[in-house]
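Numbering (the numbering used here), first residue to last: 58 to 323. Working notes, structure below.
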């Protein structure tokens, strides 16, 4: 039901005046890349908007108030917004809107970030619905940018990183999509410069990470019910991440292309 509510909000976004101003990112976007996983909120990047709490709340409520024939009813009068901070690194605004589907109660969370660069430019994506129906077509992060943010975060946080969803997304995307090294290089350079991160190969930055993270990875994988999609051993996930990222991070593969079937650059 939670994912149905998230999709309902995005369907409303597509018919709102803000359809060209808000860019989808985060867990919900993964479905557009055949890497759907459970998620509890909608993550959006604003193209041209103030990051003030009141303005973000007003925009989210205007979208949620749009009526569609999907059975969802969002109580925008009871909505609230607060400044958020992701592990004291990058701020944004979180909007919480209660709602209902028939007699069932639900809570919608919308996280909106302003100011992060997006390179290559945002592109049209088709988001398949959880239930039957046409896909939701909207503006989303391009695949190189999705990977770049996760790779730079892995470099930045090192072995203290607990964002298992990032490694899961990298693993799933790397097994399904062809990627140009030049596009990923440009995206990583953009993200690292904006965050003031000095990039370095993951293999040297995370020497004991596979062993240290195994128990927590296993617990997260089980809670997310992703046993059928992700390896039991975190070392296997990390191996794919390093194979994808390290030639780019060491500036050794700018003319190559990633081949998903082999999980290697050629």
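Note that the Cβ used here is the ideal one computed from N, Cα and C, for glycine as well.
Can you say whether residue i is buried or exposed, counting buried as having 16 or more other CB atoms within 10 angstroms of its CB?
{"i": "residue 191", "result": "exposed"}
{"i": "residue 95", "result": "exposed"}
{"i": "residue 160", "result": "exposed"}
{"i": "residue 58", "result": "exposed"}
{"i": "residue 188", "result": "exposed"}
{"i": "residue 134", "result": "exposed"}
What did DSSP end up calling residue i once you bin it into helix, strand or coil?
{"i": "residue 126", "result": "coil"}
{"i": "residue 200", "result": "helix"}
{"i": "residue 107", "result": "coil"}
{"i": "residue 223", "result": "helix"}
{"i": "residue 84", "result": "helix"}
Determine which residues share a DSSP beta bridge with residue i and list them.
{"i": "residue 99", "result": "167"}
{"i": "residue 315", "result": "236 and 322"}
{"i": "residue 230", "result": "In DSSP, residue 230 forms no bridge with anything."}
Ignore the nearest five residues each way along the sequence and tell me which others in residue i's own chain have a CB closer than 6 Å to its CB.
{"i": "residue 230", "result": "90 and 92"}
{"i": "residue 291", "result": "267, 270, 271 and 274"}
How long is the line joining the alpha carbons of residue i and residue j, rounded to whole angstroms?
{"i": "residue 116", "j": "residue 227", "result": "31 Å"}
{"i": "residue 163", "j": "residue 152", "result": "14 Å"}
{"i": "residue 63", "j": "residue 97", "result": "8 Å"}
{"i": "residue 243", "j": "residue 81", "result": "20 Å"}
{"i": "residue 317", "j": "residue 282", "result": "23 Å"}
{"i": "residue 173", "j": "residue 113", "result": "16 Å"}
{"i": "residue 235", "j": "residue 218", "result": "27 Å"}
{"i": "residue 308", "j": "residue 239", "result": "10 Å"}
{"i": "residue 321", "j": "residue 293", "result": "14 Å"}
If you drop the 5 nearest sequence neighbours on each side, which residues of the same chain put their C-beta closer than 8 Å to that of residue i?
{"i": "residue 186", "result": "64, 192 and 193"}
With a CB to CB cut of under 7 Å and the five nearest residues on each side skipped, what residues in its chain are close to residue i?
{"i": "residue 220", "result": "210"}
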